[in-house]
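*Asks:* In the working numbering, the protein residues as written are 1010 to 1316. Quick one: this structure, given as structure tokens, is what I'll be asking you about.
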């Protein structure tokens, strides 16, 4: 046997051994919900949905267990925000500075800042775990903030975001992070409970007109969701959500209807149940006094004026 053939045989043997070892190796241990989520510690609030999705409140999750698990996952998490015109001038710097401090602290984060003007971007301290990407858009293309937000996000997810992050959140810019917004919020499809409507059990403002794509018939509905925060796996969930929203808006427009973004979002989550819900603590309204059930406000919405 010549030297070249010996080398080929040796390499083949080594490869076969490594392949066998890989097949025999036990799979990476999955994190079970019961390992980190303890709903019984918060009997004062809803912690499990009818479809068995967790509702995350302060006191229901174990930060140490989550930290050990996700610390081994080599995750990158995205946070997308749209800031155009006056909203950029009013809110962007405060949003970015507070998010840089409190959003997924200790993990790699890519901030996607969708703007129609490059001036006025905050000067933030460099951090090896923090990457900032400015994504120019062509202004408010349809005269509707939410159409601009969702359409721009869809374009960028398909263009590059899906290959850059494991999870993605999209938020409106009118918020300040106050406490750790951490990995307990990660999931395949994440919905945010509305701060006002969670505590108000009647007259939920679903779309009830049967001809609207956003219609949830009378007597039906689960929760009312806040449209300012959505999250999940970028391609599997967000593009599906966005496509459903844009199709619904198109349907309503053809039928002379004009339902709101938040009602379309609530219809989507009514028919496509989220796998994780965030309590109102993660998007509290600054105009409301927190009740006793709200132990730790993670982020506060400053205004509803443009959103």
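All C-beta atoms, glycine included, are put in the ideal place defined by N, C-alpha and C.
(1) For the ligand COA, I want to know if residue 1299 counts as a neighbour, meaning its beta carbon is within less than 7 Å of at least one of the ligand's heavy atoms.
(2) Cα separation between residue 1304 and residue 1189?
(3) Count the other CB atoms, across all protein chains shown, that sit within 10 Å of the CB of residue 1060; report buried if there are 16 or more and exposed otherwise.
(4) Quick check on residue 1308: buried or exposed, where buried means 16 or more other Cβ atoms within 10 Å of its Cβ?
(5) Excluding the five sequence neighbours on either side, which residues of its own chain have a C-beta within less than 6 Å of the C-beta of residue 1238, listed in chain order?
(6) Starting from residue 1280, trace the alpha helix (DSSP H) in both directions and tell me its first and last residue.
(7) The beta strand (DSSP E) with residue 1234 in it runs from where to where?
(8) Can you give the beta carbon distance from residue 1066 to residue 1074, rounded, assuming they're within the 8 Å contact cut?
(9) Return the first residue and the last residue of the alpha helix (DSSP H) that residue 1163 is part of.
(10) Nearest to residue 1209 by alpha carbon, out of 1078, 1070 and 1289?
(11) Taking 8 Å as the threshold (C-beta atoms), are residue 1144 and residue 1123 in contact?
(12) Would you kindly work out how many angstroms separate the C-alpha atoms of residue 1138 and residue 1298, rounded to a whole number?
(13) Taking the straight line between their C-alpha atoms, what separation do you get for residue 1064 and residue 1286?
(14) Mapping DSSP to helix, strand and coil, what is residue 1106?
(15) Can you list, in chain order, the residues of its chain with a C-beta nearer than 6 Å to that of residue 1284? Leave out the 5 residues immediately preceding and following it.
(16) For residue 1106, which residues in the same chain have their Cβ closer than 8 Å to its Cβ, ignoring the five residues on either side in sequence?
(17) Rounding to the nearest angstrom, what Cα-Cα distance links residue 1194 and residue 1232 in this structure?
(18) Which of the three DSSP states is assigned to residue 1043 in this structure?
(19) Just mark residue 1203 as buried or exposed, buried being the case when its beta carbon has 16 or more other beta carbons within 10 Å.
(20) Which partner residues does residue 1201 have in the DSSP bridge list?
(21) Using a Cβ distance threshold of 8 Å, determine whether the segment 1079-1092 contacts the segment 1109-1122, with at least three qualifying pairs required.
(22) Cα separation between residue 1083 and residue 1175?
(23) Pairing CB atoms from the segment 1254-1270 with CB atoms from the segment 1222-1230, are three or more of them under 8 Å?
(24) With C-beta atoms as the reference, is residue 1050 less than 8 Å away from residue 1068?
(25) By the 10 Å Cβ neighbour count, where 16 or more other Cβ atoms means buried, how is residue 1300 classified, buried or exposed?
(26) Nearest to residue 1136 by alpha carbon, out of 1146, 1155, 1192 and 1114?
(27) Need the endpoints of the alpha helix (DSSP H) that residue 1177 sits in, please.
(28) Tell me the residue span of the beta strand (DSSP E) that contains residue 1144.
(29) Beta strand (DSSP E) containing residue 1192: first to last residue?
(30) Which first and last residues belong to the alpha helix (DSSP H) in which residue 1250 is found?
*Replies:* A quick look at the data gives this:
(1) You won't find the ligand COA in this model; it holds no ligand whatsoever.
(2) One alpha carbon belongs to residue 1304, the other to residue 1189, and they sit about 13 Å apart.
(3) The residue is exposed, with fewer than 16 neighbouring Cβ atoms inside 10 Å.
(4) Residue 1308 is buried by the Cβ-count criterion.
(5) 1180, 1201 and 1292, listed in sequence order.
(6) Secondary structure note for residue 1280: its alpha helix (DSSP H) is the uninterrupted segment 1270-1280.
(7) That run of the beta strand (DSSP E) goes 1234-1241.
(8) Contact doesn't hold; Cβ gap of about 17 Å is too wide.
(9) Run containing residue 1163: 1154-1168, per the alpha helix (DSSP H) assignment.
(10) Residue 1209 has its Cα closest to that of 1289, out of 1078, 1070 and 1289.
(11) In this structure, residue 1144 lies closer than 8 Å to residue 1123 by Cβ.
(12) Taking the straight line joining both Cα atoms gives about 35 Å.
(13) Between residue 1064 and residue 1286, the C-alpha separation is close to 5 Å.
(14) In the structure shown, residue 1106 sits in a helix (DSSP, three-state: H, G or I).
(15) A distance below 6 Å between beta-carbons, with the five flanking residues on each side excluded, links residue 1284 to the following residues of its chain, in chain order: 1062, 1196, 1197 and 1198.
(16) Apart from sequence neighbours up to five positions away, the residues of its chain that approach residue 1106 with a beta-carbon distance below 8 Å are 1131 and 1133, ordered along the chain.
(17) When rounded, the distance between both Cα atoms is 18 Å.
(18) Residue 1043 falls in the helix class under three-state DSSP.
(19) Buried.
(20) Beta-bridge annotation (DSSP): residue 1201 is paired with 1287.
(21) Judged by Cβ distances under 8 Å, the segment 1079-1092 makes contact with the segment 1109-1122, as three or more pairs qualify.
(22) Approximately 9 Å, taken between the alpha carbons.
(23) Counting Cβ pairs under 8 Å, three or more are found: they touch.
(24) Cβ atoms of residue 1050 and residue 1068: closer than 8 Å.
(25) When all chains shown are included, residue 1300 counts as exposed.
(26) Among 1146, 1155, 1192 and 1114, the Cα nearest to that of residue 1136 is on 1114.
(27) Per DSSP, residue 1177 belongs to no alpha helix (DSSP H); it is in the beta strand (DSSP E), 1176-1181.
(28) From DSSP, the beta strand (DSSP E) with residue 1144 extends over 1139-1145.
(29) If you look at residue 1192, you'll find it isn't in any beta strand (DSSP E); DSSP assigns it neither H nor E.
(30) Looking at the DSSP string, the run of the alpha helix (DSSP H) that includes residue 1250 is 1248-1263.
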